[in-house]
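Q: Below you'll find the structure I mean.
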Amino acid sequence: IINDKPSIASKLSWLQPKLDPKDQGVLGEGRPFYLIMLVVLVGMYVQAVYSTPDVREPATLVLFTGLMLIHIVLHWYSFYLTKRPELGLPYLVVQGVLAYILVAISDNMGLSFGLYFALMGEAVGIVRDRRLTVIAIVVYLGLMLYRLIPELGWGNISAGALTVVLVTVFIIIYVVMYK
-19 IINDKPSIAS
-9 KLSWLQPKLD
1 PKDQGVLGEG
11 RPFYLIMLVV
21 LVGMYVQAVY
31 STPDVREPAT
41 LVLFTGLMLI
51 HIVLHWYSFY
61 LTKRPELGLP
71 YLVVQGVLAY
81 ILVAISDNMG
91 LSFGLYFALM
101 GEAVGIVRDR
111 RLTVIAIVVY
121 LGLMLYRLIP
131 ELGWGNISAG
141 ALTVVLVTVF
151 IIIYVVMYK
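Each residue of the sequence shown is one higher than the one before, starting from -19 at the first, in our numbering.
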């Protein structure tokens, strides 16, 4: 029996980035990172929806889900920044705005850490312009601390800020080592 129906994989092939054959190996090396990041982002989405009753309101849930899907798809295609470095700044700005809106909607500190730390890792690993990378990291740190200060209060911010800075240093070292 011949099955003329297209497979699910072929229906979703438009999601797979089209690359030169010589780039397939490079993408293949990074794909496990992106799959892990996808699982983490989906887990953070589920946790934010589960732990924040306001996010479960139908209109908010639709908005939150749509923005998170856009954020995830942009991560999935971020490999192209290595081929089109002029897209680095727009990518980092759009992703930063999406992360800020997602965190503001969910008011979820864990989501803040996850989204901004992932963006910092991408900035270090993908963007060639080191000045742009440093600026992006500083902005993402600022946005994270902007959400952290009201949560911890000024009296406890030093411990929280120290933790954020140490994790940021770890991410930078990790990405540079395996780049």
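All C-beta atoms in this analysis are idealised placements derived from N, C-alpha and C, irrespective of residue type, glycine included.
Which residue's Cα is closest to the Cα of Asp87: Tyr25, Leu15, Tyr158 and Val19?
A: Taking only the C-alpha atoms, the option nearest Asp87 is Tyr25.
Q: Compare the beta carbon distance of Leu18 and Ile52 with 8 Å and say whether it is the shorter of the two.
A: In this structure, Ile52 lies closer than 8 Å to Leu18 by Cβ.
Q: Note down, in chain order, each residue of its chain lying with its Cβ closer than 8 Å to the Cβ of Ala116, except the 5 sequence neighbours on either side.
A: Hits under 8 Å: Leu72, Gly76, Leu99, Met100, Ala103 and Val107.
Q: By a C-beta neighbour count over all protein chains shown, 10 Å radius and 16 as the cutoff for buried, is Val144 buried or exposed?
A: buried
Q: Which class does Val42 belong to by DSSP, given the choice of helix, strand or coil?
A: Here Val42 sits in helix by DSSP.
Q: If Ile151 sits next to Phe97, beta carbons under 8 Å apart, how far is it from one beta carbon to the other, in whole angstroms?
A: The pair is a contact, with the Cβ atoms about 6 Å apart (cut-off 8 Å).
Q: In whole angstroms, give me the CA-to-CA distance for Ile16 and Tyr57.
A: 15 Å
Q: Using DSSP with H/G/I as helix, E/B as strand and the rest coil, what is Tyr158?
A: In the three-state DSSP reduction, Tyr158 falls in the coil class, being neither helix nor strand.
Q: What do you reckon, are the CB atoms on Met48 and Leu69 nearer than 8 Å?
A: no
Q: Check this for me: beta carbons of Thr148 and Leu121, under 8 Å apart or not?
A: yes
Q: Which of the three DSSP states is assigned to Asp109 in this structure?
A: coil
Q: For Thr32, which three-state DSSP category applies?
A: In the structure shown, Thr32 sits in coil (DSSP, three-state: anything other than H, G, I, E or B).
Q: Less than 8 Å separating the beta-carbons of Ile85 and Leu43?
A: yes
Q: Taking only runs that begin and end inside the region 75 to 129, name each unbroken alpha helix (DSSP H) of 4 or more residues, in chain order.
A: 89 to 106
Q: Which whole-angstrom value is the C-beta distance of Leu54 and Val74, which I expect to be below 8 Å?
A: 7 Å
Q: Quick check: what's the CA-CA separation for Val22 versus Met157?
A: It is roughly 26 Å from the alpha-carbon of Val22 to the alpha-carbon of Met157.
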